[in-house]
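Numbering (the UniProt record's numbering), first residue to last: 1 to 332.
We treat Cβ as the ideally placed atom computed from N, Cα and C, and that holds for glycine.
Here the structure comes first, spelled out in structure tokens, and everything after it is commentary.
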């Protein structure tokens, strides 16, 4: 009798431990908290650093071609004198410490007549590798490193490279529609595409961010700085806007993350799985963004190659690109 009681007690203890271990197993399978990032893969960032190096190299080549002392004013007017061939145009012409608009045009900057009448459509691709000056270059490269490396680590070089390229083209299209008598560079258009994608990433993947307020504040601060620089001559604010809108829409298409916990839950039994990898609002935003992006590119390209002028529909929009001042001229 006593032996049977001992055996019963032992069996009860084993049953308790098995149930406890069983409960602990499922406790470990509970969905992670809302700040958990579902994508655990971290890509190695190499594309963004290469883009930075390429932009700096292109700027140096542009300054060599510019050769202010020989081609324009002479060494006394170029600034600073000790740079010689690499010295900048006078501040009254280019307050950003950079080359002349004629040199930028020669190197692939945007001009409506060149794109539409002379069929130099390749300028839609070359313009966003050019910078108006040192200040423009520094602001863009710092923002690109800060935003681009994080995005590339999260989403990989293919998606970020495509995002950068298409956003640059989108910015160039809008710029050419509005700046028909100006020479402009749109390097910030591609960068603004990354900023727009970061905003759409924040919206569509809201539950994966730990510090939502900090991310939003940082994003808005960088946008404000670049837009402020855009009211100076040569810098193209229409490229900023076009690139931002393009990147914003592309972000809903390219930067989707599975809803939190899906990567863990889909390994469970069939009855315990989440029904869909993406939430309903993510799928709706994907469809709307894709439709808007296609429509925008089709309308923009048709208007551009038909020679339409965007200023006919907006008489004050030219102030978005350059605000007149006694220190510089907006007409170029």
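Residues near residue i by beta carbon distance below 6 Å, same chain, minus five either side
i: residue 90; result: 77
i: residue 48; result: 148, 149 and 152
i: residue 333; result: Any answer about residue 333 is impossible in this case: the structure gives the chain only from 1 up to 332.
i: residue 124; result: 169 and 172
Simplified DSSP state of residue i, which is helix, strand or coil
i: residue 362; result: Residue 362 falls outside the range modelled here, since the chain spans only 1 to 332, and no answer is possible.
i: residue 231; result: coil
i: residue 110; result: strand
i: residue 188; result: helix
i: residue 31; result: In this prediction, residue 31 scores a pLDDT of 44, lower than 50, which makes its location untrustworthy; the coordinate-derived value is nonetheless stated afterwards. Coil, per DSSP.
Test: residue i CB closer than 8 Å to a CB of chain B
i: residue 176; result: Here chain B cannot be found, since the structure has a single protein chain.
Cut-off 8 Å between Cβ atoms - residues of its own chain near residue i, not counting five sequence neighbours on either side
i: residue 141; result: 52, 55 and 56
i: residue 43; result: 152, 153, 154, 155, 156 and 157
i: residue 254; result: 155, 159, 162, 163 and 197
C-beta contact flag for residue i and residue j at 8 Å
i: residue 132; j: residue 185; result: yes
i: residue 97; j: residue 135; result: yes
i: residue 350; j: residue 236; result: No answer is possible for residue 350: the residues shown for the chain start at 1 and end at 332.
i: residue 116; j: residue 296; result: no
i: residue 93; j: residue 100; result: yes
i: residue 228; j: residue 189; result: no
i: residue 222; j: residue 143; result: yes
i: residue 187; j: residue 128; result: yes
i: residue 62; j: residue 103; result: yes
i: residue 183; j: residue 111; result: yes
7 Å Cβ shell around residue i - same chain, five flanking residues per side excluded
i: residue 285; result: 204 and 252
i: residue 323; result: 231
i: residue 309; result: 180
i: residue 249; result: 289, 292 and 293
i: residue 120; result: 114
I'd like to know if the region 156-172 and the region 189-201 are in contact, where contact means that at least 3 CB-CB pairs between them fall below 8 Å.
yes
Mind the definition here: the region 97-114 touches the region 60-71 only if three or more C-beta pairs lie below 8 Å; say whether that holds.
yes
Could you give the uninterrupted runs of the alpha helix (DSSP H) lying entirely in the region 83-142, keeping only those of 4 residues or more?
101-106, 112-116 and 123-126
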